[in-house]
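Report on the structure given below.
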Amino acid sequence: MLLCANCHTTIDRAPEDFDEQLLVQWKTSHVSKIETALGISAFSNRGTARVAIEVLQAENRTIHARRGPDNDYRFDPESEYASLWKQDVVNVIIPNHRTILRYLDANRSLLNAEEKSVVEVYRIHVRDLERRHVHGDQGFISERYPAEMDSVYAD
Numbered sequence: 072m073l074l075c076a077n078c079h080t081t082i083d084r085a086p087e088d089f090d091e092q093l094l095v096q097w098k099t100s101h102v103s104k105i106e107t108a109l110g111i112s113a114f115s116n117r118g119t120a121r122v123a124i125e126v127l128q129a130e131n132r133t134i135h136a137r138r139g140p141d142n143d144y145r146f147d148p149e150s151e152y153a154s155l156w157k158q159d160v161v162n163v164i165i166p167n168h169r170t171i172l173r174y175l176d177a178n179r180s181l182l183n184a185e186e187k188s189v190v191e192v193y194r195i196h197v198r199d200l201e202r203r204h205v206h207g208d209q210g211f212i213s214e215r216y217p218a219e220m221d222s223v224y225a226d
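With the sequence shown counted from 1, adding 71 to any position gets you our numbering.
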């Protein structure tokens with residue numbers, strides 16, 4: 072949680088009034104409010120959690136299949152598809168990935184041990200995708216999308 076300069080100073084000057092437990096409680100409450108505003112829910116079962124992420128995964132999968140860098144246009148960087156891909160990665164795919172991660176984090180208790188590991192590989196993939204397409208970092212080996220993500224929460 073980011074504090075303004077005044078609040079930060081107030082807390083620093085009176086640490087006995089603002090113990091770690093209180094600050095963690097504030098942060099937890101703040102995150103909860105943000106997730107509620109974004110429509111992120113904690114679900115009671117794996118099936119409902121699966122439905123929530125499945126729609127976003129399907130959209131990402133379709134865009135990747137139709138416009139992704141594995142298509143024939145990769146031999147023609149001037150292709151209109153290259154431009155569309157770059158736009159879709161930033162405007163659709165990465166935001167979808169971030170929403171999926173929020174759902175996964177809010178429903179972590181529904182994941183089994185293997186799925187938790189897959190989610191962390193997926194998190195690296197999303198971070199690498201952002202480095203390349205949002206921050207413009209090139210020339211590094213990025214984590215590929217883990218195919219096991221397609222069966223997270225599936226029973």
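Ideal Cβ positions, reconstructed from N, Cα and C, are used throughout, including at glycine.
These numbers were taken from a predicted model, which means no experiment stands behind them.
| Hey, how far is the Cα of GLN92 from the Cα of PRO86? | Approximately 12 Å between the Cα atoms of the pair.
| said: Given this structure, state the Cα-to-Cα distance separating ARG237 from VAL163, to the nearest angstrom. | reply: In the structure as shown, the chain begins at 72 and stops at 226. Residue 237 is therefore absent and cannot be evaluated.
| message | Which runs of the alpha helix (DSSP H) at least 4 residues long sit entirely within the segment 129 to 173? Give them in chain order. | response | Look at the segment 129 to 173 and you find these whole runs of alpha helix (DSSP H), each 4 residues long or longer: 151 to 159.
| message | Am I right that ARG203 and SER188 are in contact with their C-beta atoms under 8 Å? What's the rounded C-beta distance? | response | The beta carbons of ARG203 and SER188 sit about 23 Å from each other, so the pair does not count as a contact at 8 Å.
| request: Evaluate GLU191 with the Cβ neighbour count: other Cβ atoms within 10 Å of its Cβ, from every protein chain shown; 16 or more gives buried, anything less gives exposed. | output: In summary, GLU191 is exposed, with fewer than 16 beta-carbon neighbours lying within 10 Å of its beta-carbon over all protein chains present.
| Which value, in whole angstroms, describes the spacing of the CA atoms of GLN209 and ASP88? | Cα to Cα, GLN209 sits roughly 47 Å from ASP88.
| task | Please report the Cβ distance between LEU127 and ILE165, rounded to the nearest whole angstrom; I am assuming they are in contact, meaning their Cβ atoms lie under 8 Å. | result | In this structure, LEU127 and ILE165 do not form a Cβ contact; the two beta carbons are roughly 11 Å apart against a cut-off of 8 Å.
| task | Reducing DSSP to helix, strand and coil, say where ASP199 ends up. | result | Here ASP199 sits in helix by DSSP.
| request: Measuring alpha carbon to alpha carbon, tell me which of GLN158, ARG194 and ASP199 ends up nearest GLU219. | output: Out of GLN158, ARG194 and ASP199, ARG194 has the C-alpha closest to the C-alpha of GLU219.
| message | Looking at the secondary structure, which residues open and close the alpha helix (DSSP H) in which ILE82 lies? | response | According to the DSSP assignment, ILE82 belongs to the alpha helix (DSSP H) that extends over 76 to 84.
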